[in-house]
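As given, the protein sequences belong to chains H and Y, one line each in that order.
Its first residue numbered 4, the first sequence is counted upward by one per residue in my numbering.
Its first residue numbered 7, the second sequence is counted upward by one per residue in my numbering.
Heads up, the beta-carbon is just placed ideally off N, CA and C, and yes, glycines get one too.
These notes are about the structure you will find just below.
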Amino acid sequence: MNEYSYTALIPLLPLASFLLLGLFGRKYLSSVSGWLGTGSMLVSSILSLIAAWQYFFTDGMVNGAYQKIIAIQYTWLQFSPNVSIDMGILLDPISAMMLMVVTFVSLMVHVYSLGYMKGEERYATYYAFLSLFTFSMLGLVLSSNIFQIYIFWELVGVSSYLLIGFYFDRPAAVAASKKAFIVTRFADLGFLIGILILSFYTETLDFNLLIERLSTPTPQLTGIITASFMGISALTWGLVLVFIGGAGKSAMFPLHIWLPDAMEGPTPVSALIHAATMVVAGVFLVARLFPVFILSAPAALEVVMYTGVFSALLAAIIACTQTDIKRVLAYSTMSQIGYMMFALGVSGYYAESGAGYMASMFHLFTHAFYKSLLFLGAGAVIHLVHSNEMKDMGGLRKFMPITHLTFLIACLAISGIPPFAGFFSKEAILHAAHVNNSFIYWLALITSGITAFYMFRLYFSIFWNKASKIHDNHHGEGTWSMKIPLLLLAIGTLLAGFIPFSSFVTADGIPYHSVFNIGFSVLPVLFGLSGITIAWLLYQKQNERAEKISGSLGGLYHAAYRKFYIDEVYLFFTKKIVFNLIGKPAAWFDRNIVDGFMNLLAVITQEISALIKELQSGKVQGYAIYFFSAICALTILFIYILN
Amino acid sequence: MSEVPLHHILFVSTALFFIGMYGFFTRRNMITMLMAIELMLNSVNINFIAFNKYLFPEKMDGIFFTIFIIAIAAAEAAVAIAIIINLYRSHKSIDVEEASEMKY
Chain H
4 MNEYSYTALI
14 PLLPLASFLL
24 LGLFGRKYLS
34 SVSGWLGTGS
44 MLVSSILSLI
54 AAWQYFFTDG
64 MVNGAYQKII
74 AIQYTWLQFS
84 PNVSIDMGIL
94 LDPISAMMLM
104 VVTFVSLMVH
114 VYSLGYMKGE
124 ERYATYYAFL
134 SLFTFSMLGL
144 VLSSNIFQIY
154 IFWELVGVSS
164 YLLIGFYFDR
174 PAAVAASKKA
184 FIVTRFADLG
194 FLIGILILSF
204 YTETLDFNLL
214 IERLSTPTPQ
224 LTGIITASFM
234 GISALTWGLV
244 LVFIGGAGKS
254 AMFPLHIWLP
264 DAMEGPTPVS
274 ALIHAATMVV
284 AGVFLVARLF
294 PVFILSAPAA
304 LEVVMYTGVF
314 SALLAAIIAC
324 TQTDIKRVLA
334 YSTMSQIGYM
344 MFALGVSGYY
354 AESGAGYMAS
364 MFHLFTHAFY
374 KSLLFLGAGA
384 VIHLVHSNEM
394 KDMGGLRKFM
404 PITHLTFLIA
414 CLAISGIPPF
424 AGFFSKEAIL
434 HAAHVNNSFI
444 YWLALITSGI
454 TAFYMFRLYF
464 SIFWNKASKI
474 HDNHHGEGTW
484 SMKIPLLLLA
494 IGTLLAGFIP
504 FSSFVTADGI
514 PYHSVFNIGF
524 SVLPVLFGLS
534 GITIAWLLYQ
544 KQNERAEKIS
554 GSLGGLYHAA
564 YRKFYIDEVY
574 LFFTKKIVFN
584 LIGKPAAWFD
594 RNIVDGFMNL
604 LAVITQEISA
614 LIKELQSGKV
624 QGYAIYFFSA
634 ICALTILFIY
644 ILN
Chain Y
7 MSEVPLHHIL
17 FVSTALFFIG
27 MYGFFTRRNM
37 ITMLMAIELM
47 LNSVNINFIA
57 FNKYLFPEKM
67 DGIFFTIFII
77 AIAAAEAAVA
87 IAIIINLYRS
97 HKSIDVEEAS
107 EMKY
């Protein structure tokens, strides 16, 4: 117990709200459930702001470096004197930063849902699930123990599953929720094996100890962790497996297939889970174990880097061709997370060489604002036109001025146009990439140009392009509970970039002063502006140019439109190969051998009972005769034979 | 006056026992079957008394057992008649062959 023990309340309040709404919500509290959830979230966000303030400005800094503070720690399962699963709260720069992001975005989504989900039949259930998600996500970022993070990791997956499948009467939503759960679950298998490898060698599950032991290994431990398996050290294997878990949650290629489908959930949920919080859990995990990656297994970090940059580029290309506005946003999320991943990959550890790490966390921070803003804006648009398709939209700027303005701000931010938040974080990432790896830098630069193009394609298609089909009988932009979060997030998007992030979050905990280089940022901004210009030419007014270009690209356009057939590859692999080679033989074995054995036992029992059931005739006197004969037989036995 | 030899008494009790058994196996009326059981019990009582008198005249164990058996037979008759009455109420019959719901 110490002065930070109140931080336990931050995740526990949403848990309480979940239990209350989950148990009594539908029957007794359905009219106030939204306010209940929002209220507990508000308290939680205030507490986390206090905690972050206290950490960054009062207590966190000791001898010029931010310390890791264990706020609460208690042993939950003791395996041996050295190894136990603990439940605890760890405060360090990234968890304090994540606390603010998660609670703020969650609060915004809670408020927004007051208007957006109004009149839903399962309103209370929706808020219960939102609270469950927030609890799990906060537990995840505060975990002091790698097994605790795994528990919350799964809880996050479950609540994401529940929320994607919220409209369970739609088959597409059900399929999407199952897909999301199975794909991430599959990735989590890697995570679990990774945890087991790491904890097997270090004999601890505690983050601080784990990082300490692996980043400065004793000679004895060095011998073990460099023991290779298939030419790669055990430590690298463990970290790559952990990264696979992170890649599954963060929708990195090739485990990204669930994210676009997850857009079947209610739009505020997409804003919370599939844009700002849950999907960055993978980045957070890599950042949490960053010292191990950088100091002991740089090869694993290269995997992170190439996966990240490839996902960023691939998702950006696919996003250019999609017509469902939420899917465009989903691919742009995937692309931006790719940025965060490769930024970690190009980072060093000490002081300014750790700029990539800082940039990645900075991008995570700013991305949470503008991406949830984009999703909430898209939600407002969908609320108005009752469709996700771009072709049903156009010319909406007159009908929804606030949404239009905030959406524009977010689009400018994600395109990296100064002075919006995305500009600063993206510059930091590109700069880190430029210093370390020019190949990655150029790929990232191209991706940022494409990003600007598809975001403004989206923007122009929604708000400009053709004349609006909406007539006067529309129901307006939505209630104030929907507009206020948009405005607050827009303010966040405007201001978040000016935070001197490197004085708070750095790889080794020691703040440094980052130098902002104007000369460097000319090229990325030019790329962004040219992307916007192309989008303006093609989509600002209704014209044939876009169709002509996509027609001339032919097969490439079609491949991107079909998401490069990755879903089809998965289907081929699962349906044709796994089902035929593993599923069908297993089913045959189950039906014929396992069931057959059980059926055989049943048949034997049945036959025997058919034979002997005649004895039980229901005739009392028959029983008396058996009894008497048995007595006679026993008498003869005991008197004449055994005697 | 000469005493009745032991084997005469045993003969009577054996006869009584098998008459009871025959009755138990052949009759379908439950009251009759109950009476047959009483016959068998009484044949046992006679055996006890006879052995007590002829083999251990100075002891009274056999007599105690007999009294026990009489008491138990009375109790058993009460229970059995109660069962028979219930059976009659549900089946309108006290034929044991009729009450065969519990067979396989």
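Quick check: the Cα distance between E3 of chain Y and V597 of chain H, rounded to an integer number of angstroms?
Only positions 7 to 110 of chain Y appear in the structure, and residue 3 of chain Y is not among them; the question remains open.
Relative to the C-alpha of A538 of chain H, which candidate in H:F507, H:F463, H:N595 has its C-alpha closest?
For the purposes of this step, residue 538 of chain H is taken as the residue at position 535 of the first sequence. The option with the nearest alpha carbon to A538 of chain H is H:F463.
Figure out for me which residue from H:T369, H:I465, H:N602 has the closest Cα to the Cα of V388 of chain H.
Position 385 of the first sequence holds residue 388 of chain H. It is H:I465 whose Cα lies nearest to the Cα of V388 of chain H.
Are the C-beta atoms of M41 of chain Y and some chain H residue less than 9 angstroms apart?
Taking the first residue of the second sequence as 1, we reach residue 41 of chain Y at position 35. Taking Cβ atoms only, chain H never reaches closer than 9 angstroms to M41 of chain Y, which makes this a no.
Is the segment 61-71 of chain H touching the segment 14-32 of chain H in the sense that three or more CB pairs, one from each, lie closer than 8 angstroms?
Segments in contact, no.
Given that A627 of chain H touches chain Y, what residues does it touch there, using C-beta distances under 8 angstroms?
Walking along the first sequence from the start, residue 627 of chain H turns up at place 624. Near A627 of chain H (Cβ distances below 8 angstroms), the residues of chain Y are F30, F31.
Count the C-beta pairs between the segment 203-219 of chain H and the segment 295-308 of chain H that are closer than 8 angstroms, then say yes if the count reaches three, no if not.
Yes, the segment 203-219 of chain H is in contact with the segment 295-308 of chain H.
In angstroms with no decimal places, state the Cα-to-Cα distance between M4 of chain H and A510 of chain H.
As a first step, residue 4 of chain H is located in the first sequence; it is residue number 1 there, counting from the start. As a first step, residue 510 of chain H is located in the first sequence; it is residue number 507 there, counting from the start. Any reading at M4 of chain H needs caution, since the residue's pLDDT is 47, under 50, leaving its predicted position unreliable; the model's value is listed next. Cα to Cα, M4 of chain H sits roughly 28 angstroms from A510 of chain H.
If you follow the beta strand (DSSP E) that S87 of chain H is in, where does it begin and where does it stop?
As a working mapping, residue 87 of chain H is identified with position 84 in the first sequence. Its beta strand (DSSP E) spans residues 87-94.
Are the beta-carbon atoms belonging to T10 of chain H and L94 of chain H less than 9 angstroms from one another?
Walking along the first sequence from the start, residue 10 of chain H turns up at place 7. Walking along the first sequence from the start, residue 94 of chain H turns up at place 91. Going by C-beta atoms, T10 of chain H is nearer than 9 angstroms to L94 of chain H.
Of all the CB atoms in chain Y, is at least one closer than 9 angstroms to the CB of L645 of chain H?
To locate residue 645 of chain H, count along the first sequence from 1; it is residue 642. Judged by the 9 angstroms Cβ criterion, L645 of chain H is not in contact with chain Y.
For the putative contact between S338 of chain H and A315 of chain H, defined by C-beta atoms under 8 angstroms, what is the C-beta separation to the nearest angstrom?
By one-based count along the first sequence, residue 338 of chain H stands at place 335. By one-based count along the first sequence, residue 315 of chain H stands at place 312. With a Cβ gap of about 5 angstroms, S338 of chain H and A315 of chain H count as contacting.
Does chain Y have any CB closer than 9 angstroms to the CB of V623 of chain H?
For the purposes of this step, residue 623 of chain H is taken as residue 620 along the first sequence, with counting starting at 1. Answer yes: the Cβ-Cβ gap between V623 of chain H and chain Y drops below 9 angstroms somewhere.
Taking I72 of chain H as part of the beta strand (DSSP E), name the residues at either end of that continuous run.
By one-based count along the first sequence, residue 72 of chain H stands at place 69. Looking at the DSSP string, the run of the beta strand (DSSP E) that includes I72 of chain H is 72-81.
Starting from I91 of chain Y and walking both ways along the alpha helix (DSSP H), at which residues does that stretch end?
Counting from 1 along the second sequence, the entry for residue 91 of chain Y is found at position 85. Run containing I91 of chain Y: 67-97, per the alpha helix (DSSP H) assignment.
For S356 of chain H, which of helix, strand or coil comes out of DSSP?
For the purposes of this step, residue 356 of chain H is taken as the residue at position 353 of the first sequence. Here S356 of chain H sits in helix by DSSP.
What's the gap between the Cα of M108 of chain Y and the Cα of G621 of chain H?
As a first step, residue 108 of chain Y must be located in the second sequence, where it is residue number 102. As a first step, residue 621 of chain H must be located in the first sequence, where it is residue number 618. Going from the Cα of M108 of chain Y to the Cα of G621 of chain H covers about 6 angstroms.
Within a Cβ cutoff of 6 angstroms, which residues of the same chain sit near S116 of chain H, ignoring the five residues on either side of it in sequence?
Mapped onto the first sequence, residue 116 of chain H falls at position 113. Once the five neighbours on either side are set aside, the close Cβ partners of S116 of chain H are P271.
Put D62 of chain H into one of helix, strand or coil per three-state DSSP.
Position 59 of the first sequence, counting from 1, holds the residue named residue 62 of chain H. Helix at D62 of chain H.
Under the assumption that M361 of chain H contacts F504 of chain H (Cβ atoms under 8 angstroms), give the Cβ distance between them as a whole number of angstroms.
Counting from one through the first sequence, the residue named residue 361 of chain H turns up at place 358. Counting from one through the first sequence, the residue named residue 504 of chain H turns up at place 501. Contact flag correct, Cβ pair sits at about 6 angstroms.
Taking only three categories from DSSP, how would you classify M4 of chain H?
Here residue 4 of chain H is taken as the residue at index 1 of the first sequence, counted from 1. Per-residue confidence for M4 of chain H stands at a pLDDT of 47, beneath the threshold of 50, marking its modelled position as unreliable; no derived number is given.
Can you pull the chain H neighbours of I103 of chain Y, defined as C-beta to C-beta under 7 angstroms?
Here residue 103 of chain Y refers to the residue found at position 97 when the second sequence is read from its first residue. The displayed chain sequence assigns Glu, not Ile, to residue 103 of chain Y. By Cβ distance, chain H contributes K622.
Within 8 angstroms, do at least three Cβ pairs link the segment 282-293 of chain H to the segment 248-255 of chain H?
Touching, yes.
Output the distance between the C-alpha atoms of L645 of chain H and I75 of chain Y, rounded to the nearest integer angstrom.
Here residue 645 of chain H is taken as the residue at index 642 of the first sequence, counted from 1. Here residue 75 of chain Y is taken as the residue at index 69 of the second sequence, counted from 1. Straight-line Cα distance between these residues: approximately 30 angstroms.
Enumerate in chain order the residues of its own chain whose CB-to-CB distance from V331 of chain H is below 7 angstroms, with the five nearest sequence positions on each side excluded.
Translated into the one-based positions of the first sequence, residue 331 of chain H becomes position 328. Around V331 of chain H: A322, Q325, Y457, L461.
Tell me which residues share the same chain as I52 of chain Y and place their Cβ nearer than 6 angstroms to its Cβ, disregarding the 5 neighbours each side in the sequence.
Mapped onto the second sequence, residue 52 of chain Y falls at position 46. Counting only Cβ-Cβ distances below 6 angstroms, and skipping sequence neighbours, we find S19.
Report the partner residues of N148 of chain H according to the DSSP bridge assignment.
In the first sequence, residue 148 of chain H corresponds to position 145, counting from 1. N148 of chain H is bridged to H:D209.
Can you have a look at M601 of chain H and say buried or exposed, based on whether 16 or more other CB atoms are within 10 angstroms of its CB?
Reading the first sequence from its first residue, position 598 is the one you call residue 601 of chain H. Classification for M601 of chain H: exposed.
How would you write the range of the alpha helix (DSSP H) that I521 of chain H sits in, first residue to last?
Reading the first sequence from its first residue, position 518 is the one you call residue 521 of chain H. I521 of chain H -> alpha helix (DSSP H) spans 521-542.
Return the bridge partner residues of Y69 of chain H from the DSSP annotation.
In the first sequence, counting from the first residue as 1, residue 69 of chain H sits at position 66. According to DSSP, Y69 of chain H bridges with H:M64.
Taking the DSSP output, what are the residues bridged to E392 of chain H?
Along the first sequence, read from residue 1 onward, the residue named residue 392 of chain H stands at position 389. Bridge partners of E392 of chain H: H:D327.
Hey, quick one: how far does the alpha helix (DSSP H) through L288 of chain H stretch, first residue to last?
Here the question's residue 288 of chain H lines up with position 285 in the first sequence. Run containing L288 of chain H: 284-291, per the alpha helix (DSSP H) assignment.
If we ignore side chains and look at the alpha-carbon of each, how far apart do F402 of chain H and G122 of chain H end up?
Counting from 1 along the first sequence, the entry for residue 402 of chain H is found at position 399. Counting from 1 along the first sequence, the entry for residue 122 of chain H is found at position 119. For F402 of chain H and G122 of chain H, the distance between alpha carbons rounds to 23 angstroms.
Among residues of its own chain, excluding the 5 on either side of V144 of chain H, which ones have a beta-carbon nearer than 7 angstroms to its beta-carbon?
Mapped onto the first sequence, residue 144 of chain H falls at position 141. Cβ neighbours of V144 of chain H beyond the five flanking positions: S98, M101, L102, V105, F287.
So, for E653 of chain H: in the same chain, excluding its five sequence neighbours on each side, which residues have a beta-carbon less than 6 angstroms away from its beta-carbon?
Since the first residue shown for chain H is 4 and the last is 646, residue 653 of chain H is missing from the structure and cannot be characterised.
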